[in-house]
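Take a look at the structure set out below.
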Amino acid sequence: LYLDEEGGVLRGSLYFTYGDIEVGADNPDPIILIGVGEIRPTIRRDLDEEFEAVKLLRSLGFRLVEPGRFEAEGDAALDFVFSGIASLPKGWEIFGREALKQHRVSRSTISLRVKISAGIDWLDLEAVPMVDGEESSFEELAGALKRRSKYVRLGDGSHALLPEEWLSRLSEAEDIKIENGKARLRNYQAKTAMDFVELASEVAVDNDERWRKLTEGLGSSGAFDAKPPEGLNCSLRPYQVRGLRWLQFLESMDMGGVLADDMGLGKTVQTLALLLSLKERGVTGPTLIVAPTSVVPNWEAEILAHAPGLSFIRYHGVDRGEMKAELATADIVITSYAVMRRDIELLQKIQWNYVVLDEAQAIKNSATLTAKSARKLPARRRLALTGTPLENHLGELWSQFYFLMPELLGSERRFADHYLKPITSGDEEAAHALRAKIRPFILRRLKPEVAPDLPEKVENILYSEFNPAQEELYRSLLLAGRVKIFKAVGESGFSRARSSIL
111 LYLDEEGGVL
121 RGSLYFTYGD
131 IEVGADNPDP
141 IILIGVGEIR
151 PTIRRDLDEE
161 FEAVKLLRSL
171 GFRLVEPGRF
181 EAEGDAALDF
191 VFSGIASLPK
201 GWEIFGREAL
211 KQHRVSRSTI
221 SLRVKISAGI
231 DWLDLEAVPM
241 VDGEESSFEE
251 LAGALKRRSK
261 YVRLGDGSHA
271 LLPEEWLSRL
281 SEAEDIKIEN
291 GKARLRNYQA
301 KTAMDFVELA
311 SEVAVDNDER
321 WRKLTEGLGS
331 SGAFDAKPPE
341 GLNCSLRPYQ
351 VRGLRWLQFL
361 ESMDMGGVLA
371 DDMGLGKTVQ
381 TLALLLSLKE
391 RGVTGPTLIV
401 APTSVVPNWE
411 AEILAHAPGL
421 SFIRYHGVDR
431 GEMKAELATA
441 DIVITSYAVM
451 RRDIELLQKI
461 QWNYVVLDEA
471 QAIKNSATLT
481 AKSARKLPAR
491 RRLALTGTPL
501 ENHLGELWSQ
511 FYFLMPELLG
521 SERRFADHYL
531 KPITSGDEEA
541 AHALRAKIRP
551 FILRRLKPEV
561 APDLPEKVEN
571 ILYSEFNPAQ
581 EELYRSLLLA
591 GRVKIFKAVG
601 ESGFSRARSS
611 IL
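Structural data, given as structure tokens:
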């Protein structure tokens, strides 16, 4: 087999030797005449053996482009050079391998050098693969991951084989944007940076304290030492204190999250405790709380009862236009999903410190006007409250996280390709990867889990008696009903009048 290359394509020309005679695989003659003259010896070719040789080359990644001529490219070409040649049976000879420039593959172990720079709400990531002192680049590595290639190009034009662990753990890096050898990540993408760090043989970190705080917090669902605010007019139960600490950790790192506690466990009071603690720390800026219309009054009552130190505006009703000038000055603005949709042009002009979606399953369908409007709201931080983060399918979870942190799960198409479709098909590895990715950003406690923290159930039976007007109305309706039934029975009989009775 004679090898050469052109334009990134590895080419092979196949010949067979019979004694000292070399016969091209493109020669159609089954019998080869040797020498010159009237009487010449002949060679009867072993066509079955030659056919098996062609089959073997094709099984090793080559495609037959014309009789005796083969081509391979990408990973197939590099696989042939790296391992395919060595797998050929005895009797094969390879020529031209030493002259290859674009298809050289190092057999030395690859290593990774990583540098992390931690900012307020961002991370700069640098990652350089190396083999025997020869460096590649972050761009080359990301390009290989995006192509699903097992090989990365080194600076001298040769290639190195990427370990399987790199390919599985760094798959999330295929979408990150790299400029001048660096990738700017949000804090909530820290797991991607952590994967690089754990695979690296050399690691350098700028602002090590913030990086440590971020990684420890993500690893323990928000290990954050904070106290409930002094102005909170209620005592938080132990699980609510843990919830507040989780919320405060996310806030300190400018990350969003889903507080998905079971109904009745106090998502509202935990949220108010967070907002009150921010005010007591001197953090300014309004918070927009969007809730179903029926829940808006409950937020007002909870603020008045538990966090009276927070000023609020109920931006709802036909006269809400009179409140426009006050929206940016209140601590909290409470509105409904319907008003948010109608007034999105106004609301998106305000820079909110927090946008909180109560009953966040309202945006489970990413294509609805409600979901699109919520995503338009500019906010430094976002929070979703829901007792049912997932009702029908995983796409609902993607929609909520796309509102919170758009780059965490990527585009809807990428989410479908990497998680939705594989998980629907029973891929446990994809399910595990998704759980690991969202675990730091979703806190869900069910009532049985926190039962020791809850008070004993108290049942009070209250009776409500009619006032005179109600009793008079009831009596008149009862009498009219009886007259109608007796009339139906008299005219049609009991059996036929049964529907009237029911």
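Counting in the numbering used here, the sequence shown runs from 111 upward without gaps.
Glycine included, C-beta positions come from ideal geometry on N, C-alpha and C.
Since the structure is predicted, the reported quantities are computational estimates derived from the model, not experimental observations.
Using the Cα positions of residue i and residue j, report the straight-line distance between them to the nearest angstrom.
i: S602; j: T496; result: 54 Å
i: Q458; j: K434; result: 12 Å
i: K531; j: E517; result: 19 Å
i: R524; j: E282; result: 10 Å
i: G117; j: L553; result: 53 Å
i: G591; j: E575; result: 22 Å
i: M240; j: D266; result: 11 Å
i: A484; j: D371; result: 22 Å
i: L456; j: H426; result: 14 Å
i: E249; j: E162; result: 41 Å
i: T498; j: N290; result: 43 Å
i: D305; j: I226; result: 12 Å
i: T394; j: M515; result: 22 Å
i: K337; j: P558; result: 25 Å
i: M373; j: L544; result: 25 Å
i: G229; j: D285; result: 21 Å
i: K486; j: T403; result: 20 Å
i: E410; j: R391; result: 23 Å
i: E522; j: L507; result: 11 Å
i: I131; j: G184; result: 34 Å
i: A417; j: C344; result: 9 Å
i: D318; j: V379; result: 34 Å
i: A494; j: Q510; result: 7 Å
i: K323; j: S421; result: 32 Å
i: L157; j: P140; result: 7 Å
i: L589; j: T478; result: 49 Å
i: L556; j: P562; result: 12 Å
i: L111; j: E203; result: 6 Å
Sort the options by Cα distance to residue i and report the nearest one.
i: A448; options: T381, R430, T439; result: R430
i: A186; options: T439, F248, R555, V119; result: V119
i: E208; options: S535, S446, E115; result: E115
i: A270; options: H213, E203, W321, K389; result: H213
i: A489; options: T478, L479, M515, Q461; result: Q461
i: G327; options: I571, P151, P550; result: P550
i: S246; options: G253, V238, R168; result: V238
i: N577; options: I571, R585, N570; result: R585
i: D84; options: I195, V224, D130, H542; result: Any property of residue 84 remains undetermined from this structure, which presents the chain solely from 111 to 612.
i: A546; options: A300, P348, G341, V560; result: A300
i: V428; options: R452, N408, H528, I413; result: R452
i: F190; options: G171, L556, E181, E203; result: G171
i: K292; options: A252, R263, S193, I220; result: A252
Assuming the contact rule is C-beta atoms closer than 8 Å, residue i and residue j should be a hit. Round their C-beta distance to whole Å, please.
i: L386; j: K377; result: Actually they do not touch by this definition, with Cβ atoms about 15 Å apart.
i: L309; j: Y261; result: Actually they are not in contact, since the Cβ atoms of L309 and Y261 sit about 17 Å apart, beyond 8 Å.
i: L124; j: G178; result: 5 Å
i: L504; j: Y512; result: With a Cβ gap of about 12 Å, L504 and Y512 do not count as contacting.
i: G353; j: K389; result: Wrong, their Cβ atoms sit about 18 Å apart, outside the cutoff.
i: V175; j: A135; result: Their Cβ separation, rounded to whole angstroms, is 12 Å, which puts V175 and A135 out of contact at 8 Å.
Counting C-beta neighbours from all protein chains within 10 Å, is the total for residue i 16 or more, i.e. buried, or is it exposed?
i: L127; result: Checking the sequence, you will find Thr at residue 127 rather than Leu. By the neighbour-count rule (16 or more Cβ atoms within 10 Å), T127 is not buried but exposed.
i: D441; result: buried
i: Q580; result: exposed
i: V307; result: buried
i: S362; result: buried
i: R492; result: buried
i: G366; result: buried
i: L583; result: exposed
i: L587; result: exposed
i: F205; result: exposed
i: L437; result: buried
i: P199; result: exposed
i: G243; result: exposed
i: L255; result: buried
i: V406; result: buried
i: T302; result: buried
i: R121; result: buried
i: T439; result: exposed
i: P339; result: buried
i: A196; result: exposed
i: H528; result: buried
i: T152; result: exposed
So, does the CB of residue i fall closer than 8 Å to a CB anywhere in chain D?
i: A228; result: In the structure shown, chain D does not exist; there is a single protein chain.
- Message: Assess contact between the stretch 466-483 and the stretch 386-399, defined as three or more Cβ pairs (one per stretch) separated by less than 8 Å. Is contact present?
- Response: When C-beta atoms of the stretch 466-483 are compared with those of the stretch 386-399, three or more pairs fall below 8 Å, so the two segments count as touching.
- Touching or not, the stretch 379-394 and the stretch 355-362, by the rule of three or more beta carbon pairs under 8 Å? As far as the Cβ criterion goes, the stretch 379-394 touches the stretch 355-362, which means the pair count is three or higher.
- Sufficient close CB pairs (3 or more, under 8 Å) joining the stretch 292-301 to the stretch 220-233: Under the three-pair Cβ rule at 8 Å, the stretch 292-301 counts as touching the stretch 220-233.
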